[in-house]
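Trainee: Protein chains in written order, with the working numbering: chain L, -14 to 170; chain B, 1304 to 1583.
All residues carry an ideal CB built from backbone N, CA and C; glycine is no exception.
Predicted model, so just to flag it, every value in this text is computed and none were measured.
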């Protein structure tokens, strides 16, 4: 099934998504990698103010290349999500409703997703040039000193992704492989 | 004795950093297209189609195929009848600095791995390997290496009694265990023999061989084919969404080793398998 989803991600929209669904995302996403996640969690633990609106937020795990003159952003494909796994559950409990990345997640992340109704989206790893075409604006909103790892607010249009893990915990990496081995070979 | 100014090395490295990152080489494109043509599972075919669309777009716009423009692995094959004037390592680093700067490539190197992890901001140092070969030319190869796939690489000191079956088991189980993380379809570089360090370097060098070109030794070529078939029966598929194309190719490099050992290293490369060379 293919969905066109408006971001920030509402609880209802998140609920309607099933592992394996194709989606086109339109709206606001924030970029963050390991270093920014570490700071987010430090801020939460110290009771500081988060630099982004967390309720319904979607975070894209990406460190783009520098933009060439005239470009909005450089190549911008997903990085491996597992490096964010130690931080993600706390952010999910604070309202984070979507993550865009690639690769496996830990059971702690999946449990937090199930409790809060969050979604893990997959973008094609290595398709940095193609995915950058869907990014219509980019602005650094926090941790500028982190360079490529700074937090950017992106406006995306028809950003192609698949639902890797849905809010019930179903995982395309498991089910897609099983389905292929049973029905595809 | 031919004299080559180190500046020539710098210029070649700078050009190759940009070319390798923005244009996939024909061998890799041929492998991806063959996988796309042979794939019947819809989500896998669609994913490979987007991967092709992406590298074509990158080449047209001269932008990086992938945002992880990697660490710069640089291989110099230096002719024994050549003298390079100036410091070679400095010349290579200067080439990386220029290439990653002028090419708007991402700077992804930290100067020290554990405590501060401060970005060097120019993607230096390069990881440089030099080798002496007959002749009076220098072949410069730049292979930018992303860490989604590098982090899934493995080395095991197998024992002689583990034999062919032990190698197959280790390679197939390693690729199976890495699942979607190294961005399949992957290139699988296998280094056999030598010492702990030599096996790892051979695995990396195996990734420099034109993708899909078999080992010159028919026994190793046969093993490459067998490994590829077993890996592509795992069902992981492009990006791990399910499908046939888990690997594009398997390349084995081997060398002599100790009577008591069978070192086996596996270096994975994502489908954005980058290598570019120039001869000076």
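Taking residue 37/L as the reference, give the member of 80/L, 121/L, 119/L with the closest Cα.
Mentor: In the first chain, residue 37/L corresponds to position 52, counting from 1. Checked all of 80/L, 121/L, 119/L; the closest Cα to residue 37/L is 80/L.
Trainee: Measure from the alpha carbon of residue 1326/B to the alpha carbon of each residue in 1479/B, 1362/B, 1437/B, then state which is nearest.
Mentor: The count along the second chain starts at 1 and reaches residue 1326/B at position 23. Nearest option by C-alpha distance: 1362/B.
Trainee: Could you pull out every residue in the same chain whose Cβ sits closer than 6 Å to the Cβ of residue 103/L, ignoring the five residues on either side in sequence?
Mentor: The residue labelled residue 103/L in the question sits at position 118 within the first chain. Within the same chain, residue 103/L has close Cβ partners 77, 82.
Trainee: Relative to the C-alpha of residue 105/L, which candidate in 43/L, 160/L, 21/L, -12/L has its C-alpha closest?
Mentor: Numbered from its first residue, the first chain carries residue 105/L at position 120. When only C-alpha atoms are compared, the closest one is 43/L.
Trainee: Spatial neighbours of residue 133/L within its chain, please: CB distance less than 6 Å, with the 5 preceding and 5 following residues excluded, ordered by chain position.
Mentor: Start at 1 with the first residue of the first chain, and residue 133/L comes out as number 148. Within the same chain, residue 133/L has close Cβ partners 48.
Trainee: Sorted by chain position, which residues of the same chain lie with C-beta nearer than 6 Å to residue 1322/B's C-beta, five sequence neighbours on each side aside?
Mentor: The residue given as residue 1322/B occupies position 19 in the second chain. Around residue 1322/B: 1579.
Trainee: Taking 8 Å as the cut-off, decide whether the C-beta atoms of residue 1551/B and residue 1479/B are in contact.
Mentor: The count along the second chain starts at 1 and reaches residue 1551/B at position 248. The count along the second chain starts at 1 and reaches residue 1479/B at position 176. Taking 8 Å as the Cβ cut-off, residue 1551/B and residue 1479/B do not qualify as a contacting pair.
Trainee: When the Cα atoms are used, what is the spatial distance from residue 39/L to residue 1352/B?
Mentor: Locating residue 39/L in the first chain gives position 54, where the first residue counts as 1. Locating residue 1352/B in the second chain gives position 49, where the first residue counts as 1. The alpha-carbon atoms of residue 39/L and residue 1352/B are separated by roughly 34 Å.
Trainee: So which residues of chain B does residue 78/L contact, with C-beta pairs closer than 9 Å?
Mentor: Within the first chain, residue 78/L is the residue found at index 93, counting from 1. The contacting residues do not exist; residue 78/L stays about 25 Å from chain B at best.
Trainee: In whole angstroms, give me the CA-to-CA distance for residue 89/L and residue 157/L.
Mentor: Residue numbering aside, residue 89/L sits at position 104 when the first chain is read from its first letter. Residue numbering aside, residue 157/L sits at position 172 when the first chain is read from its first letter. Whole-angstrom Cα-Cα distance: 10 Å.
Trainee: Who are the neighbours of residue 162/L on chain B, taking C-beta pairs under 9 Å?
Mentor: By one-based count along the first chain, residue 162/L stands at place 177. Neighbours of residue 162/L on chain B, chain order: 1482, 1537, 1538, 1539, 1540, 1543, 1544, 1545, 1546.
Trainee: Determine the direct distance from the alpha carbon of residue 1554/B to that of residue 1519/B, and round the result to whole angstroms.
Mentor: Here residue 1519/B refers to the residue found at position 216 when the second chain is read from its first residue. Here residue 1554/B refers to the residue found at position 251 when the second chain is read from its first residue. Each residue's Cα considered, the two are about 11 Å apart.
Trainee: Roughly how many angstroms lie between the CA atoms of residue 1385/B and residue 1304/B, to the nearest whole one?
Mentor: If you number the second chain from 1, residue 1385/B lands on position 82. If you number the second chain from 1, residue 1304/B lands on position 1. Straight-line Cα distance between these residues: approximately 6 Å.
Trainee: Less than 8 Å between the beta carbons of residue 154/L and residue 95/L, yes or no?
Mentor: Reading the first chain from its first residue, position 169 is the one you call residue 154/L. Reading the first chain from its first residue, position 110 is the one you call residue 95/L. Contact flag set, yes.
Trainee: If we ignore side chains and look at the alpha-carbon of each, how far apart do residue 135/L and residue 21/L end up?
Mentor: In the first chain, residue 135/L corresponds to position 150, counting from 1. In the first chain, residue 21/L corresponds to position 36, counting from 1. Computed Cα separation, rounded: 7 Å.
Trainee: Does the Cβ of residue 98/L lie closer than 7 Å to at least one heavy atom of the ligand GTP?
Mentor: This structure simply doesn't include the ligand GTP, nor any ligand for that matter.
Trainee: Are the beta-carbon atoms belonging to residue 1287/B and residue 1404/B less than 8 Å from one another?
Mentor: Because chain B spans 1304 through 1583 in this model, residue 1287/B falls outside it and cannot be assessed.
Trainee: Nearest by alpha-carbon distance to residue 1/L: which of 13/L, 12/L, 15/L, -14/L is it?
Mentor: Counting from one through the first chain, the residue named residue 1/L turns up at place 16. Measuring from the Cα of residue 1/L, the nearest candidate turns out to be -14/L.
Trainee: Quick check: residue 130/L and residue 69/L, are their CB atoms within less than 8 Å of each other?
Mentor: In the first chain, counting from the first residue as 1, residue 130/L sits at position 145. In the first chain, counting from the first residue as 1, residue 69/L sits at position 84. It is not a contact, given that the beta carbons lie outside the stated cut-off.
Trainee: What residues from chain B crowd round residue 158/L, counting only those whose CB sits closer than 7 Å?
Mentor: Counting from one through the first chain, the residue named residue 158/L turns up at place 173. By Cβ distance, chain B contributes 1482, 1483, 1543.
Trainee: Is DSSP giving residue 1476/B helix, strand or coil here?
Mentor: Within the second chain, numbered from 1, the residue matching residue 1476/B stands at position 173. The answer is helix: DSSP assigns residue 1476/B an H, G or I state.
Trainee: Three-state secondary structure (DSSP) at residue 146/L?
Mentor: Start at 1 with the first residue of the first chain, and residue 146/L comes out as number 161. Looking at residue 146/L - three-state DSSP - the assignment turns out to be strand.
Trainee: Among 1546/B, 1541/B, 1312/B, 1561/B, whose alpha-carbon lies nearest the alpha-carbon of residue 1431/B?
Mentor: Locating residue 1431/B in the second chain gives position 128, counting from the first residue. Measuring from the Cα of residue 1431/B, the nearest candidate turns out to be 1312/B.
Trainee: Give the residues from the region 1347 to 1378 of chain B that approach chain L closer than 8 Å (Cβ to any Cβ), ordered along the chain.
Mentor: Listed by position, the residues of the region 1347 to 1378 of chain B near chain L (Cβ gap below 8 Å) are 1347, 1350, 1353, 1354, 1356, 1357, 1358, 1360, 1361, 1364, 1366, 1367, 1368, 1369, 1370, 1371, 1372.
Trainee: Contact criterion: CB-CB distance below 8 Å. Does residue 109/L meet it with respect to chain B?
Mentor: The count along the first chain starts at 1 and reaches residue 109/L at position 124. Chain B, which has a Cβ nearer than 8 Å to the Cβ of residue 109/L, makes this yes.
Trainee: Within the same chain, show all residues whose beta-carbon is closer than 6 Å to that of residue 1439/B, passing over the 5 residues directly before and after it, in chain order.
Mentor: Numbered from its first residue, the second chain carries residue 1439/B at position 136. Excluding residues within five positions, the ones whose Cβ falls inside 6 Å are 1305, 1382, 1384, 1385.
Trainee: Span of the beta strand (DSSP E) holding residue 1354/B?
Mentor: Locating residue 1354/B in the second chain gives position 51, counting from the first residue. From DSSP, residue 1354/B is part of no beta strand (DSSP E) but of the alpha helix (DSSP H) over 1345 to 1364.
Trainee: Assuming contact is defined by CB atoms lying nearer than 8 Å, are residue 1514/B and residue 1492/B in contact in what I supplied?
Mentor: Counting from one through the second chain, the residue named residue 1514/B turns up at place 211. Counting from one through the second chain, the residue named residue 1492/B turns up at place 189. In this structure, residue 1492/B does not lie closer than 8 Å to residue 1514/B by Cβ.
Trainee: Using a Cβ-Cβ distance cut-off of 8 Å, determine whether residue 1338/B contacts chain L.
Mentor: In the second chain, the residue the question calls residue 1338/B occupies position 35. It does not; no Cβ of chain L falls within 8 Å.
Trainee: Starting from the Cα of residue 1378/B, find the closest Cα among 1395/B, 1366/B, 1462/B, 1572/B and give me that residue.
Mentor: For the purposes of this step, residue 1378/B is taken as residue 75 along the second chain, with counting starting at 1. Of the listed residues, the one whose Cα sits closest to residue 1378/B is 1395/B.
Trainee: Taking its Cβ as the centre, do 16 or more other Cβ atoms sit within 10 Å of residue 60/L, making it buried, or is it exposed?
Mentor: Residue mapping note: residue 60/L aligns to position 75 of the first chain, counting from 1. Flag for residue 60/L reads buried.
Trainee: Reducing DSSP to helix, strand and coil, say where residue 1459/B ends up.
Mentor: Reading the second chain from its first residue, position 156 is the one you call residue 1459/B. It is a strand residue.
Trainee: Mapping the DSSP letters down to three states, classify residue 1339/B as helix, strand or coil.
Mentor: Here residue 1339/B is taken as the residue at index 36 of the second chain, counted from 1. Here residue 1339/B sits in helix by DSSP.
Trainee: Could one say the Cβ of residue 1445/B lies closer than 8 Å to chain L's Cβ atoms, at least one of them?
Mentor: Translated into positions along the second chain, residue 1445/B becomes position 142. Cβ-Cβ to chain L under 8 Å: no for residue 1445/B.
Trainee: If you draw a straight line from the C-alpha of residue 98/L to the C-alpha of residue 71/L, how long is it?
Mentor: Within the first chain, residue 98/L is the residue found at index 113, counting from 1. Within the first chain, residue 71/L is the residue found at index 86, counting from 1. Roughly 13 Å between the two C-alpha positions.
Trainee: Based on the DSSP secondary-structure assignment, which residues constitute the bridge partners of residue 1442/B?
Mentor: Along the second chain, read from residue 1 onward, the residue named residue 1442/B stands at position 139. DSSP output for residue 1442/B lists 1380/B, 1582/B as bridge partner(s).
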